[in-house]
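S.K.: By the working numbering, the letter at position 44 of the sequence shown is numbered 25, and the numbering carries on one by one without gaps.
Got a structure here, written out as structure tokens. Questions coming.
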Amino acid sequence: MQHTLLVISGLPDPQIATSAFTIGTAAVLPFYTLMVVAPKAELTKKTMKSSIPYVVFGLLYAYLLYLSWTPETIRLMFASKYWLPELQGIAKMFSSEMTLASAWIHLLVVDLYAARQVYHDGLQKEIETRHSVSMCLLFCPVGILSHLITSSLTKPAEKTRHTDTII
């Protein structure tokens, strides 16, 4: 399928998909590095408050989604009579490199957003988040779970510390 934007860029679909995959993966690494290596640094705090990465990733995702869209996309996504996704339809849709690249960018941005939430929550509660932020990059739901466990295990220690100070 030839798109108008593809003609402008002059790159074939597979090359765009591969480039977006690689660039997207590399682009999130500095944010994770800052949150893990220097979580309390002013540069990290300022960088992680910014919405710019999400705007850029959102635009990239929208572009890839546009390139991957076909007349049968909706039918593949909602193949059942109840308009619910079915695994076979999603698998067929993801057989396209462009669709995989758009899904990868989607995962990267959602994982980064979750890691940022974990990072900010850790700063607010003054608890360690490096391990949870790292897991958000690789296994986001596990990273969130790790943060929830860390947060719940850290709370009693904080209350005890404050109680000891008062007594």
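Beta carbons: idealized from backbone N, C-alpha and C, even for Gly.
Note that the coordinates shown come from a computational prediction; the quantities given were computed from them, not determined experimentally.
Quick one: grab the DSSP three-state call for residue 84.
M.R.: helix
S.K.: Is it right to say residue 86 is buried, meaning 16 or more other beta carbons lie within 10 angstroms of its own, or is it exposed?
M.R.: buried
S.K.: Would you report the Cα separation of residue 18 and residue 134, rounded to the nearest angstrom?
M.R.: Distance between the alpha carbons of residue 18 and residue 134: 23 Å.
S.K.: Hey, which unbroken runs of the beta strand (DSSP E) at 3 residues or more fall wholly within the segment 59 to 118?
M.R.: none
S.K.: By Cβ distance, which residues of its chain are closer than 6 Å to residue 120, with the 5 residues on each side in sequence left out?
M.R.: none
S.K.: If residue 96 sits next to residue 114, beta carbons under 8 Å apart, how far is it from one beta carbon to the other, in whole angstroms?
M.R.: 5 Å
S.K.: Sort 43, 42, 16 and 75 by Cα distance to residue 30 and report the nearest one.
M.R.: 16
S.K.: Contact defined as beta carbons within less than 8 Å: I believe residue 1 pairs with residue 57. What is the distance between those atoms, to the nearest angstrom?
M.R.: Your pair residue 1 and residue 57 does not check out as a contact, with CB atoms roughly 21 Å apart and the cut at 8 Å.
S.K.: Could you give the distance in angstroms between the alpha-carbon of residue 93 and the alpha-carbon of residue 66?
M.R.: 25 Å
S.K.: Hey, how far is the Cα of residue 51 from the Cα of residue 74?
M.R.: The alpha-carbon of residue 51 is positioned some 9 Å away from that of residue 74.
S.K.: Which two residues bound the contiguous alpha helix (DSSP H) that contains residue 19?
M.R.: Looking at the DSSP string, residue 19 is not in any alpha helix (DSSP H), and its letter there is neither H nor E.
S.K.: Find the nearest neighbour of residue -7 within the set 108, 78, 91 and 109, judged by alpha-carbon distance.
M.R.: 78
S.K.: Identify, in the order they occur along the chain, each residue of the same chain with its Cβ nearer than 7 Å to the Cβ of residue 84, setting aside the five sequence neighbours on each side.
M.R.: Within the same chain, residue 84 has close Cβ partners 75.
S.K.: Residue range of the alpha helix (DSSP H) that residue 49 falls in?
M.R.: 33 to 49
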